[in-house]
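What follows is a short report on a single structure.
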Amino acid sequence: MAASFAVPSTDPGLLLAMTDTDVYRTLTARQLRAWSEDESLVMRLRTNRDLLPSGHLAARVPVLVEWRASRLDGEAPFLLLRNVNYGGSPLERTTMLHSVRMPLDGLSYVEFTMVPLGPGGGRGPVQHGHLRFVFAAERRPVMLGLEGSPVGADARLDDLVLSWEPWRFRDDRFSFVKALGDDFDLCLRAYAGAQRYLEDIVEGHEWLSYRLRLPGGAAGARELLLVALAMGDGAARHTLARLLDQAAADWLGEAPAGEGAAAEAGAGQGEDWEALRRRLDEPGQLSFDAPELAPDELTYQTLVRSCASLARYTVLLTARRLADRGVTDGVDPAKLPEPALGVTEPWMQAVPKGDLRGLFLRAPSALRYLMRNPGVLPNRIPRELDAAGLLVRKGSKPWLLRYGAKGLRPYSSQGARHFEP
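Here it is as structure tokens:
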């Protein structure tokens, strides 16, 4: 059965006193180490309350790949993923994180999904973007905490959503204007599709999903999955290492000295920090040419590195990698846009710190940037992917599936519903 990972009140490593009335609670190095070393544990967190020692919201921790425990080649290849979000409630603001064994030979199809957040629906410029990987019924991912349950628990997931998002601190509200200033760490989060859909539908958002037509068919879908996870895992390890180093340094400045129970608990905390750091530094050898984001690309940025622009970048990068190997399947390499992320410009950094007058003064710079880089506008991405031959078409237009309260229902009691063009 799944083991629920909660903060024990008798934990000697818990340096912060916590009560039911505390607004925040901070997970200790010992608790994080226990989570990282046991794949059978299920972590249940308060979405807007529980923190890492760095002050980052623990529920927004990025997906990590246990490369050493995965098998990319041979019979029944799979990846072992950590921190997959499934089972929490957006109403009570809880998040549950699982370890998942995901088959690499079970992908059925991939959808590029836009989630309109502002006025204008699918035509408006304010949209979230993510990738949805749907698996065949007989080769679905398995939640390790529920696998083999003696009570017959259903341990399988139908799909996986990968979403680039800002990793927020406590008391740190997100805004698109603030995110122009590179103030948020970038993280790739993983959800069971039904969980992400639930959270979006509760907020009144619908999904506008386009079926991707990747060169190589199933092999192309697998390549896209590996590219996305390799970039997300690399970014996560870089950011988490920095956060761990800072948290460990802060702890060293406050660790109890001398003898006695407090000192022994402090020594244990030091060992826990070192163990966590080793796990980040030793991910294992990858058996493929894994792409990675540069150190200066690890912040979320409204225009340059947003959720939608990074999803677009991942698809185009994958298509280019396949084309370079001679795998095109009807996609014209000459029509593929260059898979490159833009560069943060000085005017962007100044916008969050300026007043209304400053915003108007920088409007021409913004317009020039958008004219040069139309791909950063989420509502233009489907048109661009279609022109490159990367979307499934129905008749003369890209095939659009509109999931929502007034549209199609992507899930039923049988799991993910499969639609055919």
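Its first residue numbered 177, the sequence shown is counted upward by one per residue in the working numbering.
Every residue gets a Cβ at the ideal spot worked out from N, C-alpha and C, and that includes glycine.
| Check | Outcome |
| --- | --- |
| Residue interval of the alpha helix (DSSP H) (run including LEU492) | 483-500 |
| C-beta atoms of ALA495 and LEU584 nearer than 8 Å | no |
| Cβ-based neighbour list, TRP575, same chain, cut-off 8 Å, excluding 5 preceding and 5 following | TYR386, ARG387, LEU567, VAL568, ARG569, PRO597 |
| For GLN477, three-class secondary structure by DSSP | strand |
| Three-way DSSP call (helix, strand, coil) for THR271 in this model | strand |
| 6 Å CB neighbourhood of VAL237 in its chain, flanking five on each side removed | ASN259 |
| Cβ-Cβ separation, VAL218 to GLY321 (assumed contact under 8 Å), whole Å | 4 Å |
| Residue closest to PRO513, alpha-carbon to alpha-carbon, out of PHE360, ALA412, ASP562, GLU473 | ASP562 |
| Beta carbon of GLY305 nearer than 8 Å to that of ALA592 | no |
| 6 Å CB neighbourhood of LEU456 in its chain, flanking five on each side removed | ARG413, LEU416, ALA417 |
| 7 Å CB neighbourhood of ALA423 in its chain, flanking five on each side removed | PRO229, SER230 |
| LEU280 vs PHE311 beta-carbon contact at 8 Å | no |
| GLY393 versus GLY282, SER275, GLU215, PRO266, residue with shortest Cα-Cα distance | GLY282 |
| Three-state secondary structure (DSSP) of TRP340 | strand |
| Burial state of GLU268, where buried means 16 or more other Cβ atoms lie within 10 Å | exposed |
| Cβ pair LEU469, GLY506 closer than 8 Å | no |
| Limits of the unbroken alpha helix (DSSP H) element including ALA370 | 369-378 |
| Which listed residue (GLU242, ALA234, ALA235) has its alpha carbon closest to that of GLU213 | GLU242 |
| Inter-residue CB distance, VAL239 and ALA368 (contact presumed, cutoff 8 Å) | Actually they are not in contact, since the Cβ atoms of VAL239 and ALA368 sit about 12 Å apart, beyond 8 Å. |
| Sequence-distant residues of its chain with Cβ nearer than 8 Å to GLY434 (five each side left out) | Note that GLY434 scores 48 on pLDDT, short of 50, meaning its location in the model is unreliable; the coordinates nonetheless yield the value given after this. Here the set comprises nothing. |
| Proximity below 8 Å, CB of LEU227 to CB of THR202 | yes |
| Under 8 Å between C-beta atoms of GLN445 and ARG225 | no |
| Delimiting residues of the alpha helix (DSSP H) encompassing PRO558 | 557-563 |
| Endpoints, the beta strand (DSSP E) within which ARG222 is located | 217-222 |
| Bridge-paired residues (DSSP) for HIS594 | HIS594 is not bridged to any residue. |
| Assigned secondary structure, SER589 (DSSP; H/G/I helix, E/B strand, else coil) | coil |
| Continuous beta strand (DSSP E) assignments of at least 3 residues falling wholly in the stretch 407-431 | none |
| Cutoff 6 Å; reference ASN549; Cβ partners in own chain excluding five residues on either side | GLY518 |
| Which of helix, strand or coil DSSP assigns to LYS570 | strand |
| Nearest-angstrom Cα separation, counted from LEU479 out to MET290 | 16 Å |
| Between the CA atoms of ALA329 and LEU256 - distance to the nearest angstrom | 20 Å |
| Identity of the residue in VAL337, ARG316, GLY396, ALA331 nearest LEU307 by Cα | VAL337 |
| For GLU287, the first and last residue of its enclosing alpha helix (DSSP H) | Taken as a continuous stretch (DSSP letters only), GLU287 belongs to no alpha helix (DSSP H), being part of the beta strand (DSSP E) at 283-292. |
| Given ARG346 as reference, the closest of VAL199, LEU492, LEU208 once Cα atoms are compared | VAL199 |
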